[in-house]
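Worksheet: the structure to be examined is printed underneath.
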Amino acid sequence: TPMQINLGMFEYNKRCGYLQKPAPYCLRSGTFDPHAHVSVENVVVEQLEIKLISGQFLTQDREPAYVDVEMYGIYADTTKRREYRIK
Numbered sequence: 001t002p003m004q005i006n007l008g009m010f011e012y013n014k015r016c017g018y019l020q021k022p023a024p025y026c027l028r029s030g031t032f033d034p035h036a037h038v039s040v041e042n043v044v045v046e047q048l049e050i051k052l053i054s055g056q057f058l059t060q061d062r063e064p065a066y067v068d069v070e071m072y073g074i075y076a077d078t079t080k081r082r083e084y085r086i087k
């Protein structure tokens, strides 16, 4: 939700709420289109791996439980995945 994203941004920089824009956003010579499917220059690619270690209130019947993971960012980074491999 938007509130969770806002709280995450505050926690990122010692709860001060200020985040400096990345360098490519501040260059006057370059242009940035958040809806483009291309990478941003001078930005290092990161890979995120999430390992779920516990769960609560799982179903007792035979219906499969699942985990929803959503990533927010520029258009090329935004993704949603639903994983059904719950034991």
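Every letter in the sequence shown is one number past the one before it in the UniProt record's numbering, and letter 56, counting from 1, is 56. The beta carbon of each residue, even a glycine, is placed where N, CA and C say it ideally should be. Values in this document were obtained by computation on a predicted structure and should not be read as measured data.
Query                                                                                                                      : Result
Boundaries of the alpha helix (DSSP H) in which residue 11 is found, first to last residue                                 : 2 to 12
Distance CB(residue 53)-CB(residue 69) smaller than 8 angstroms                                                            : no
Distance CB(residue 19)-CB(residue 9) smaller than 8 angstroms                                                             : yes
Other residues of its chain near residue 5: CB distance less than 7 angstroms, five sequence neighbours each side excluded : 72
Expected contact under 8 angstroms - CB spacing of residue 82 and residue 66 to nearest Å                                  : 5 angstroms
N- and C-terminal bounds of the beta strand (DSSP E) containing residue 46                                                 : Looking at the DSSP string, residue 46 is not in any beta strand (DSSP E), and its letter there is neither H nor E.
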